[in-house]
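All remarks here apply to the structure that follows.
There are 2 protein chains.
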Amino acid sequence: MSQTPAGQNSQSLLFLTDEQLRQGIEAMFFAYRGFTADPDRILEGLAYGRAHHRAIHFINRSPGTTVNNLLGILGVTKQSLNRVLRALISDGLVDSRVGEEDKRERNLYLTDKGEALERELSNAQRERMRMAFRTAGPEAVAGFRQVLEAMMDEEMRRHYVALKDRTA
Amino acid sequence: MSQTPAGQNSQSLLFLTDEQLRQGIEAMFFAYRGFTADPDRILEGLAYGRAHHRAIHFINRSPGTTVNNLLGILGVTKQSLNRVLRALISDGLVDSRVGEEDKRERNLYLTDKGEALERELSNAQRERMRMAFRTAGPEAVAGFRQVLEAMMDEEMRRHYVALKDRTA
DNA sequence: TTGGAGTGTCAACAAGGCTGACATATCGTT
DNA sequence: AACGATATGTCAGCCTTGTTGACACTCCAA
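Those protein sequences? They're chains A and B, same order as listed.
The first sequence begins at 56 in this note's numbering and counts up one residue at a time.
The second sequence begins at 56 in this note's numbering and counts up one residue at a time.
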């Protein structure tokens, strides 16, 4: 469907053919497997999974974040997130403190133990990303980010940009 | 850990700082959500999920493929895949034929009905990819693919390249 | 012809999504 | 003070999709 005709525009649109798009789709699929492989390996054995990793990552990224904010970023239900947080809190990886201004809120922080696991996980994941970046080079990395950003839903892009700009 | 020092090499290595790597990680996370969002929406309502989509995609891509080959591509256990295939076969989306040379094998094909669903799913997913590609431009797309390819595990890269070259 | 390797199937279980319902505490407004 | 709205936590139950274990059929080579 909608094969882009080739060789007629001065600006070649060959990169928008269905075949090229399909290759992009498969690249995303196969690369995402690699992307999660290293943390998954670390987590198995421990009683945690990918959901715990995500929570730990974003709590580390925004110390003191609220449950509600985390829900927006992760895009899951509070029941799902609560199950994960309960485990992390009772295992002493996450600290949940009643909000100072608004006592209905809970502010989430990693404990020292939580930070240790976060470092272990993100080191592994960063190492793979570093290899990929180094192999591909800075220009490719810029393109990588442009395409991914354009692929996000609007709400996700807002979260992504907000996190990015905070440390820019 | 391992902050890359800046401003000392003639070739700037700023793109390998931990901060840049973390942004790459978050970009992958948020973009993958967008990547799967459209097919997921179509599948909900039907009695199928993401696993069915993946099976349909790769059977369409390699008609007559065996269960074992599909296992390697999808990276799940044969029991997981079998559950999905059983549903697709009994619903008349996939045709499973006993191998001609080796009767232990099953060759898998999409039926007309299966191809119809495949088109619906891949149209939705391609449309998002097309928008992202068009927004980012051909140079960015080339970089996107280079980085993703470098991020794959070796075995996944083999599958990716094999599929890519078949239609090149 | 027999045993091992390859392949496919069934059963049972676990993780982690989901919905719905409800309790509690707090906030803000009236 | 009272009330509705908001933020969070929890219980129960369901679904998808991953896992292991057990087993049957087919093929091939010793």
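Heads up, the beta-carbon is just placed ideally off N, CA and C, and yes, glycines get one too.
Spatial neighbours of residue i within its chain, please: C-beta separation below 6 Å, excluding the five flanking residues on both sides.
i, result
"Ile-111 of chain B", "Glu-173"
"Ser-67 of chain A", "none"
"Val-216 of chain B", "none"
Out of curiosity, what's the CA-to-CA distance linking residue i and residue j?
i, j, result
"Asn-124 of chain A", "His-214 of chain B", "39 Å"
"Gly-104 of chain B", "Asp-95 of chain B", "7 Å"
"Glu-194 of chain B", "Pro-118 of chain B", "32 Å"
"Arg-109 of chain A", "Thr-166 of chain B", "39 Å"
"Glu-81 of chain B", "Arg-212 of chain A", "10 Å"
"Ser-177 of chain A", "Leu-126 of chain B", "29 Å"
"Val-83 of chain B", "Gln-75 of chain B", "A small correction: the amino acid at residue 83 of chain B is Met; Val does not occupy that position in the sequence shown. Distance between the alpha carbons of Met-83 of chain B and Gln-75 of chain B: 13 Å."
"Ala-171 of chain B", "Ala-191 of chain B", "30 Å"
"Val-139 of chain A", "Glu-175 of chain A", "19 Å"
"Asp-220 of chain A", "Arg-185 of chain A", "21 Å"
"Arg-88 of chain B", "Arg-88 of chain A", "14 Å"
"Ile-128 of chain A", "Ile-128 of chain B", "30 Å"
What distance in whole Å lies between the Cβ atoms of residue j and residue i, which are believed to be in contact at a cut-off of 8 Å?
i, j, result
"Arg-183 of chain B", "Asp-93 of chain B", "6 Å"
"Lys-168 of chain A", "Leu-136 of chain A", "That pair is no contact at about 20 Å."
"Ala-187 of chain B", "Ala-205 of chain A", "4 Å"
"Arg-181 of chain B", "Asp-73 of chain A", "6 Å"
Cα-Cα, which of the options is closest to residue i?
i, options, result
"Tyr-164 of chain B", "B:Gly-192, B:Phe-84, B:Arg-152 and B:Ala-171", "B:Arg-152"
"Asp-157 of chain B", "B:Thr-72, B:Val-122 and B:Ala-187", "B:Val-122"
"Lys-33 of chain A", "A:Asn-178, A:Ala-106, A:Arg-212 and A:Gln-75", "Lying outside 56 to 223, the shown extent of chain A, residue 33 of chain A is not represented and no answer is given."
"Asp-208 of chain B", "A:Phe-90, A:Ala-171 and A:Ile-80", "A:Phe-90"
"Glu-210 of chain B", "B:Met-83, B:Phe-84, B:Arg-221 and B:Gly-130", "B:Gly-130"
"Thr-222 of chain A", "B:Val-216, B:Ala-171 and B:Gln-78", "B:Gln-78"
If I measure Cβ to Cβ from residue i and keep anything under 7 Å in the same chain, skipping five residues before and after, which residues do I get?
i, result
"Arg-116 of chain B", "Leu-218"
"Glu-160 of chain A", "Thr-121 and Gly-154"
"Ala-179 of chain B", "Asp-93, Pro-94 and Ile-97"
Skipping 5 residues on each side, what residues in its chain have a beta carbon closer than 8 Å to that of residue i?
i, result
"Thr-16 of chain B", "There is no way to answer for residue 16 of chain B, as the model of chain B reaches only from 56 to 223."
Q) Between the stretch 94-101 of chain A and the stretch 129-143 of chain A, do at least 3 Cβ pairs fall closer than 8 Å? A) no
Q.
For the pair the stretch 198-205 of chain B and the stretch 189-203 of chain A, tell me if three or more CB-CB distances fall below 8 Å.
A. yes
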